[in-house]
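Below is one structure, written out as structure tokens, with a few remarks after it.
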Amino acid sequence: MESRQVAALVEQAYRARRAHNWQTAIDLLKRALAIDPEHAGAHASLALALLGARRLHAAAIEVDLALGFGPHNPFCHYAAAAIRRAQRKLDDAWRHCLVAMQDDDGDADIRVLGAAIKSLQEDNDGARSLLMEALELEPDHQGALAQLARLELDLGNLAEAERRIEEALTEDPSDVDAHVIAGFIVLARGRVDEAEQHARFALQEDASDRDALRLWAAIKARRNLLLGMWWRWNMFVGLRSERSQIGILIGSFVVVRIVIILLGAFGYEDAEILLRKIWMGFCAYTWFAPAIFERMLRRELANVTLREDF
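Encoded structure:
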């Protein structure tokens, strides 16, 4: 009787997670664990719900418990891969993903998660291969279609990205992630108003979705040239791996310093002074632009109406 009750609570929590009702899922799973404290699947599901609620530290604790109670449970390794990915521990995330795929070789969701990890590792070929495997297992897998659209967008293949995201939205017209990706695609096409419609839909469904907020910010950056310069630089650097970010920042500084030294050495003093001023202006700009940009976004987001049950 208790096992049936736990299974029912876990299933209800799964539906709540799918709807991004994180707190509802958390409450249901806590009730399940009060009945069966060693239920590995419930701990793993709770970890994913906590991750969705942006409680990463608590999610990491729960997933460790899940792995302790279910070391050979593919779902526990799937949850661990998702948590480690969020922690940017990409090697650990991929290791858990491999274990999950080996133990459950027919699960498309695991491959979609693996593709997301490979994308963060800047392995686009690996990501594409996993997404195609997922679509072979489930040709209508909405998450795989959406992630493939994101990959094509990142690679600059807008026509293919549009085709894939249309398929994803056909499968689930209410999916937040798909609307965000669609927004970025039409924004790349220059259709700003259409991108804003996708962003508004996503934010009305989940005002805490980071990618939706990023899309909203990108739209405002497109409409404001001055603040858009900072946003584009931030996106260029911030979406790369930590190693790439460090390389870009150090490389930019070194290049500017070398050019300044060379200008001075060859007697181009006016150009040297001008470049110094531009560099100092850019540094100052990166200090005050984020505060102004955030204030502008907060004012805009205040006008977004959330769904009634958010």
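Just so we're aligned: the sequence shown equals residues -12 to 297 in the working numbering.
We treat Cβ as the ideally placed atom computed from N, Cα and C, and that holds for glycine.
These figures come from a predicted structure and were not determined experimentally.
In the DSSP annotation of this structure, Phe253 is not part of any alpha helix (DSSP H), being labelled neither H nor E. Annotation: Gln232 to Gly28 spans about 37 Å, alpha carbon to alpha carbon.
The DSSP-derived three-state label of Pro61 is helix. For Ala34 and Ala80, the gap between their C-alpha atoms comes out near 14 Å. Shown here for Ala31: same chain residues with a beta carbon closer than 6 Å to its own, the five before and five after excluded, namely Ala53, Phe62, Cys63, Ala66 in chain order.
In the DSSP annotation of this structure, the continuous segment of the alpha helix (DSSP H) that includes Arg151 starts and ends at 145 to 158. Around the beta carbon of Cys84, a 10 Å sphere encloses 16 or more other beta carbons of the protein chains shown; the residue is thus reported as buried.
Of the residues Arg4, Arg5, Val(-3), the one whose Cα lies closest to the Cα of Ala21 is Val(-3).
Listed in chain order, the non-local C-beta contacts of Asp198 below 6 Å within the same chain comprise Val167, local neighbours out to five positions each way being set aside. In this structure, the alpha-carbon of Pro160 lies about 24 Å from that of Ala114. By the neighbour-count criterion, in which a residue is buried when 16 or more other Cβ atoms sit within 10 angstroms of its Cβ, Leu37 is buried. Annotation: Arg75 to Ile97 spans about 17 Å, alpha carbon to alpha carbon. Per DSSP, Asp196 is not a residue of any alpha helix (DSSP H), being assigned neither H nor E. Comparing alpha carbon positions, the residue from Gly93, Lys105, Ala95 closest to Arg82 is Lys105. Separation of the CB atoms of Ile206 and Ala175 is rounded to 12 Å, and the pair is thereby denied contact status at 8 Å.
Short of 6 Å from the beta carbon of Ala102, and not among the five residues preceding or following it, lie these beta carbons of its own chain, in chain order: Ala114, Leu117, Leu118, Gln134. For Leu132 against Glu154, the beta-carbon gap comes to about 5 Å, under 8 Å, which counts as contact. Counting of Cβ neighbours within 10 angstroms places Leu138 among the buried residues, the total reaching 16 or more. The three-state reading of DSSP puts Leu142 in coil, since its state is none of H, G, I, E or B.
Between the alpha carbons of Glu125 and Val99 lies a gap of roughly 11 Å. If you draw a straight line from the Cα of Phe56 to the Cα of Asp193, it is about 32 Å long. Between the beta-carbon of Gln129 and that of Asp94 there is about 15 Å, and that puts the pair past the 8 Å contact cut. Between the alpha carbons of Arg71 and Glu49 lies a gap of roughly 12 Å.
Exclusion of the five residues before and after Met88 leaves Ile97 as the residues of its chain whose Cβ lies within less than 6 Å of its Cβ. Taken through DSSP and simplified to helix, strand or coil, Ser116 comes out as helix.
Residue state for Glu125 is assigned as coil, using DSSP reduced to three classes. Rounded to whole angstroms, the gap between the alpha carbons of Val243 and Asp14 is 54 Å. In chain order, Ser32 place their CB closer than 7 Å to the CB of Tyr1, counting only its own chain and leaving out the 5 sequence neighbours on each side. In this structure, Trp9 is the residue among Ile245, Leu16, Ala(-5), Trp9 with its C-alpha nearest to the C-alpha of Arg42.
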